[in-house]
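First comes the structure, then the notes that go with it.
Protein chains: 2
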Amino acid sequence: MEKFVQIKEKLSNAGLKATHPRMVVFNELMNSKDHPSAEHIHDRIKTDYPSISLGSVYRILDVLVDVKLVQRVSVRSGYKRYDANMEPHGHIYCLKTDAIQDFYDSELYDLINDFFRKKKLKNFKVKEIKLQVVGEKVDPEVDVTII
Amino acid sequence: MEKFVQIKEKLSNAGLKATHPRMVVFNELMNSKDHPSAEHIHDRIKTDYPSISLGSVYRILDVLVDVKLVQRVSVRSGYKRYDANMEPHGHIYCLKTDAIQDFYDSELYDLINDFFRKKKLKNFKVKEIKLQVVGEKVDPEVDVTII
DNA sequence: GTACGTGCAAATTGTTTGCACTATC
DNA sequence: GATAGTGCAAACAATTTGCACGTAC
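Line by line, the protein sequences are chains E and P. Numbered by the working numbering, the letters in the first sequence go through residues 1 to 147 in order. Numbered by the working numbering, the letters in the second sequence go through residues 148 to 294 in order.
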């Protein structure tokens, strides 16, 4: 699996065995920008790797989340969705299509971080600040863009 | 059910029949500040109203969300949680205890709203902006406070 | 009285787990 | 070769649904 060299390294660095199923799942998630669920990922990879089981996909996603190579995105939908992008960013969630799109804006992130640097939360250790913009795409086929 | 007069009115105004189960569920949620799940609510009200079924609690919460008397809060947990507070506010989520606490700060909300007034999202109609502060309580027994 | 809501139980959906086997280190 | 990971199927948990009965308007 020559094409998985970087992925292999990431897994090893995280202290995980670089197994074939893990590389395939992680690779698929890194190449997806639509924040798929475990079932989505399973569907997509089983063409190339038919023997992979859904249970393993669930287990693999759990360990990837544990070692912080991947994060979960929580939205209204009744299932968990995943994101291999670990840079600080927000999510745009479309109620109509259930689509989740990444949203970057360092200016806004600075604003929010500055805020939490001034106002402190007592009795709480902040790990992460999640920002979700909920609404509806006008044209469901097209991505949202920022002007 | 004299104590439910205001609730009765809210339901009627929303175009819903003011049934006993609906009033009991809505009342319970309004008196909870811990963002309970359907099962939590069912457990809490069945002392006073033993005949109520869990299925009905689910259905009632769904219609209350539909008419915007109640909102869903999405966090990591594997179940849906509800909030009868419809004022704009954020949520503090504790990874250790699974507790959700409301978080008000008009200054921060102004900041974020100003931001989205300037930078527009193309092809997207924003309905709501959700802010979630994820982390861990130091003392799990005590609420988080803002300084 | 009628249309909508409810209780109950069964069905569905998403996720987790136990166990025998396999592959990585 | 030891240990941790996988496939498979069964178990579980949260939520939804069909249907006969009940209740608000």
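Using N, Cα and C, we set each Cβ at its ideal position, and we do this for glycine too.
Looking only at E:Lys46, E:Val133, E:Glu87, E:Val138, the smallest Cα-Cα distance to Gln101 (chain E) is reached by E:Val133.
For Tyr109 (chain E), the uninterrupted alpha helix (DSSP H) run begins and ends at 106–118, by DSSP. Inclusion of Val70 (chain E) and Tyr79 (chain E) in the CB contact set at 8 angstroms is not warranted, their separation being larger than that value.
Under the three-state reduction of DSSP output, Lys3 (chain E) falls in the helix class. Of all residues in the stretch 124–135 of chain E, those with a C-beta nearer than 9 angstroms to a C-beta of chain P are Phe124, Lys125, Val126, Lys127, Glu128, Ile129, Lys130, Leu131, Gln132, Val133, Val134, Gly135, reading in chain order. Counting only the Cα atoms, Thr244 (chain P) lies some 11 angstroms from Val289 (chain P). Ile154 (chain P) is not a Cβ neighbour of Lys119 (chain E), given a cutoff of 8 angstroms. For the stretch 15–42 of chain E, there are no residues whose beta carbon sits under 7 angstroms from a beta carbon of chain P. Shown in chain order are the members of the stretch 63–81 of chain E whose Cβ falls below 9 angstroms from a Cβ of chain P: Arg72, Ser74, Val75, Arg76, Ser77, Gly78, Lys80. In the displayed model, Glu136 (chain E) falls within a strand according to three-state DSSP. Within chain P, Ile239, Phe250, Val280, Gly282, Val291, Thr292, Ile293, Ile294 have C-beta atoms less than 9 angstroms from the C-beta of Leu121 (chain E), given in sequence order. Judged by DSSP in its simplified three-state form, Ser37 (chain E) adopts strand. For Asp209 (chain P), the enclosing alpha helix (DSSP H) begins and ends at 201–213. Inclusion of Phe124 (chain E) and Ile259 (chain P) in the CB contact set at 8 angstroms is not warranted, their separation being larger than that value. Non-local C-beta neighbours of Tyr109 (chain E) in its own chain, meaning closer than 7 angstroms and more than five positions away in sequence, comprise Pro88, ordered along the chain. Excluding its 5 nearest sequence neighbours in each direction, Lys215 (chain P) has no C-beta neighbour in its own chain below 6 angstroms. Cβ-Cβ distances below 7 angstroms link Val291 (chain P) to Ile239, Gln248, Lys284 in the same chain, with the five nearest sequence neighbours on each side left out; the list follows chain order. Residue environment: Met170 (chain P) is assigned as buried (16 or more neighbouring CB atoms within 10 Å of its CB, all protein chains considered). Per DSSP, Gly162 (chain P) has no beta-bridge partner at all. Under the three-state reduction of DSSP output, Lys155 (chain P) falls in the helix class.
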